[in-house]
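J.: Taking full-length UniProt numbering, the leading residue of the sequence shown gets 1, the next gets one more, and so forth.
Positions of the beta carbon are idealized from the N, C-alpha and C atoms, including for glycine.
This is the structure, below, for whatever I ask next.
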Amino acid sequence: PGVPRHTNRLINEKSPYLLQHAHNPVDWYPWGQEAFDKAKRENKLIFLSVGYSTCHWCHVMEEESFKSKEIGDIMNEHFVCIKVDREERPDVDKVYMTFVQATSGGGGWPMSVWLTPDLKPFAGGTYFPPEDGVHRVGFRTVLLRIAEQWKENKDALLDSSQRILEALRHTSEIRVRGQESSPPPKEVMDICFQQLSRSYDEDYGGFSKSPKFPTPVNLNFLFTYWALHRTTPEGAQALQMALHTLKMMAHGGIHDHIGQGFHRYSTDQHWHVPHFEKMLYDQGQLAAMYSRAFQISGDEFFADVVRDILLYVSRDLSDQVGGFYSAEDADSYPTSTSGEKREGAFCVWAAEELRALLPDPVEGATEGTTLGDVFMHHYGVEEAGNVDPMKDPHQELKGKNVLIARCSPELTAARFGLEPGRLSALLQECRQRLATAWARRPRPHLDTKMLAAWNGLMISGFAQAGAALAEQGYVSRAAQAAAFLRTHLFDPESGRLLRSCYRGKDNSVEQSAVPIQGFLEDYVFVIQALFDLYEASLEQGWLEWALHLQHMQDKLFWDPKGFAYFSAEAGDPSLLLRLKDDQDGAEPTPNSVTVTNLLRAACYSGRMDWVEKAGQILAAFSERLQKIPITLPEMARATAVFHHTLKQVVICGDPQREDTKEMLHCVRSVFSPNKVLMVADGDSAGFLYRQLPFLASLERKDGKATAYICSNFTCSLPVTSVQELRGMLSP
């Protein structure tokens, strides 16, 4: 490419997203005091642009507007321009996204917001085309109009921004009202189930027509609803909804059948044409959901999908030191000689390319059948491409095919006169051959930023998969990542988590000059991961660290007046609002997950004040949970866990002995949403014995591994039969 014509301050940053914009003609600043001081000193408005490095429409807006010298000159003349990576600074993103959603009725990235010099928003949106169109005002026009308004009506703008801020402060406040207590769990669960049922797509699974997101929080809720209503028609329906959705997603184009893993969402109702970026948080949560589906159903199909996801993450999103990278981009060069990137180029196939790669005749099949015929029929490949032009506005996928399993193996086998077992082997051979060709394509951009929160979600995915599938290698990978977090994203002196670190030169791990401190979501998802990792590995050091982090979370984020946790800690003057997230989305909101974390922490520590805190969170969100629990399915699920009280499943025995291993396998193979597992191995000096003195009174019966089911530290009679234990584990 030669020497860049422009270089701005972002060249000194670590974030891959900010570095993507370091050679724009725009005089970008990172979020910080230098930019704020310049705006005040020069009495200029701030233009804030928020995105992330694998965001397709962020790339489009950069190509059209931020790389334009003419538009860059307008931006530099009239505004102080700030770039924020939303994955580095979710606190900044949430404040201004709250504004954009409240004033425009929608949101998304890139997010474009205009602020007064004291950081108050007064205008905003998402993607803007560069020039005016029939239905949309262009970015250049918006810039010039806002600059004119600031010149002509400054006082009105300032007044408006102050009123907007007050309104946002009022509407975004979540707090306990009066003597509110935690809401009735049966009512919350039933309403949430009814609301999900109404939005459920019976044909293709999922919970909307289009676009369609995986929403693991909905599936997790449905699994818990089933576990608590196993013998009812509603329970059976909940399970069917979750399993059907997971199967349809795995068959669909949202699942990468050659490169493994899942794309971010589907643009259509059928899970067919995705937005092609792959996010770490999706892989972590989906690995956990498919593991649960396998626990419940025993169907190896779900176990195979788990292995597929974890293969992708191990191969493509893993740092050699042990952490997990954030994401892989949607856009890439179609060939090594291409001049411009296209969305999906890394993952789509032309019919003639498949025929050339799979020309072999298939023995025993209908005469003249080739491997290509079988593969193309099964995966819905069409000569002219199988992408609806309506789902391809830029014609980037014209003539290409997004693979989607259109037929059952039985139907495809019958079509070509093959045995189903033979078909499975043939399709596997085809996929391997395509994978070899696929691996030679130019790779999309990889965001090598490593975030504590998302690493936590992925550790949970590996740990839960390792426990459910009895795969020790997955547990070891989870432990390696947790050790990475403790080395690179934890400050032992302050006892606090850091938000992010970065792959540096020569595969070293680097940190920003001023490290970003961890947010609530970092603590919550890492604590959840450490509990999951303890249950899978029985290493008590992970428990000890989890309880330490829970204390730190309480100190930094708890709201003692209104209850629940703030998303960011106090004391940052650049944050106009201190918010509590109130919606489970692509990731669960931290307050939802922390209810279950607190209950688990209480079980492992004996500290009942954590149970009280869990109830106070539910009380703070009580009104929302009773009216629209579908917006908080993970918290709705937690109301049931809170009400039913967690069962402490204690196994007394040596973890290396076969009888203990059998009992542990039994506990791990059963899906029970309200259990915690611990092993009393007789080491009275160990961490668990110090936390829970009652463990010393539990003994092995007749020298055999023995299980006790305890509730509030009161235990059942001892059980030595695996069958009996299995029966006691249902909620």
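Leaving out five residues on either side along the sequence, give the residues of the same chain with a beta carbon under 7 Å from the beta carbon of M97.
T.: Excluding sequence neighbours, M97 sits near G107 and M111.
J.: Leaving aside the five residues before and after Y204 along the sequence, list all residues of the same chain whose C-beta is less than 7 Å from its C-beta, in chain order.
T.: M248, Q269, H270 and W271
J.: Cβ of K449 within 8 Å of Cβ of P16?
T.: yes
J.: From what residue to what residue does the beta strand (DSSP E) around V50 run?
T.: L45 to G51
J.: Note down, one range per segment and in chain order, each beta strand (DSSP E) of at least 3 residues found wholly within the region 453-513.
T.: 500-503
J.: My understanding is that V176 touches G562, with C-beta atoms under 8 Å, so please give their C-beta distance in whole angstroms.
T.: 6 Å
J.: Could you pull the start and end residues of the beta strand (DSSP E) that D37 belongs to?
T.: In the DSSP assignment, D37 falls outside any beta strand (DSSP E) and within the unbroken alpha helix (DSSP H) covering Q33 to E42.
J.: Under 6 Å Cβ to Cβ from E180, same chain only, skipping five residues before and after it: list those, please.
T.: A619 and S622
J.: Name the residue from R292, S711, L286 and F294 whose alpha carbon lies nearest to the alpha carbon of Y312.
T.: It is L286 whose Cα lies nearest to the Cα of Y312.
J.: Give the range of the beta strand (DSSP E) segment to which F122 is assigned.
T.: P121 to G125
J.: Strictly by DSSP, which residues pair up with F642?
T.: Bridge partners of F642: none, in fact.
J.: Between G72 and N24, what straight-line distance do the alpha-carbon atoms span, to the nearest angstrom?
T.: Looking at the two C-alpha atoms, the distance is approximately 8 Å.
J.: Give the list of continuous beta strand (DSSP E) stretches no shorter than 3 residues that lie fully inside the region 636-707.
T.: 647-652 and 675-680
J.: Can you give me the C-alpha to C-alpha distance between P629 and D572, rounded to a whole angstrom?
T.: 32 Å
J.: I want to know whether the region 708-715 touches the region 545-565 - three or more CB-CB distances under 8 Å.
T.: At 8 Å Cβ cutoff, the stretches do not touch.
J.: Relative to the alpha-carbon of G124, which residue among L549, C715, Q101 and C666 has its alpha-carbon at the smallest distance?
T.: Ranking the options by Cα distance to G124, first place goes to Q101.
J.: How long is the line joining the alpha carbons of A413 and F221, rounded to whole angstroms?
T.: 36 Å
J.: Should the region 425-438 be called in touch with the region 498-518, which here means at least 3 C-beta pairs below 8 Å?
T.: no
J.: Starting from the N-terminal side, write out each stretch of the alpha helix (DSSP H) that is 4 residues or longer and does not extend beyond the region 76-127.
T.: 90-104
J.: Is it true that the CB of T370 sits closer than 8 Å to the CB of F416?
T.: no
J.: Under 6 Å Cβ to Cβ from T54, same chain only, skipping five residues before and after it: list those, please.
T.: E277, A327, D329 and D447
J.: Compute the distance between the beta-carbons of A529 and G456, then report whether it is under 8 Å.
T.: Yes. Within cutoff.
J.: Cβ atoms of V649 and L677: under 8 Å apart, would you say?
T.: Yes, these two residues count as a Cβ contact at 8 Å.
J.: Run through the DSSP bridge pairs and tell me what F262 is partnered with.
T.: Bridge partners of F262: H255.
J.: Please give me, in chain order, every unbroken run of the alpha helix (DSSP H) with length at least 4 that falls completely inside the region 610-637.
T.: 622-627
J.: Tell me C192's beta-bridge partners as DSSP assigns them.
T.: Paired residues: none, contrary to the question.
J.: Just reading off the beta strand (DSSP E) that Y523 is part of, what are its end residues?
T.: First-last for Y523: L520 to S537, but that is the alpha helix (DSSP H), not the beta strand (DSSP E).
J.: In this structure, what does DSSP give as the bridge partners for H275?
T.: Y265
J.: Taking the alpha helix (DSSP H) that Y312 belongs to, which residues open and close that run?
T.: E300 to D316
J.: On the criterion of 16 or more Cβ atoms from any shown chain inside 10 Å, does residue 807 qualify as buried, or is it exposed?
T.: Look at the range of the chain in this structure, 1 to 731, and you will see that residue 807 is not part of it.
J.: Below 8 Å, can you find three or more Cβ-Cβ pairs linking the region 191-202 to the region 650-668?
T.: no
J.: Taking 6 Å as the limit between beta carbons, can you name the residues of its chain near residue 741, skipping five residues before and five after?
T.: Because the chain is modelled from 1 through 731, residue 741 falls outside the range shown and cannot be assessed.
J.: Just reading off the beta strand (DSSP E) that Y29 is part of, what are its end residues?
T.: Here the beta strand (DSSP E) through Y29 covers W28 to P30.
J.: Using the three-state DSSP reduction, which class does Y281 fall into: helix, strand or coil?
T.: helix
J.: Between N591 and E343, what straight-line distance do the alpha-carbon atoms span, to the nearest angstrom?
T.: 35 Å
J.: Of all the alpha helix (DSSP H) runs that stay within the bounds of the region 151-225, which reach a length of 4 or more residues?
T.: 154-171 and 185-199
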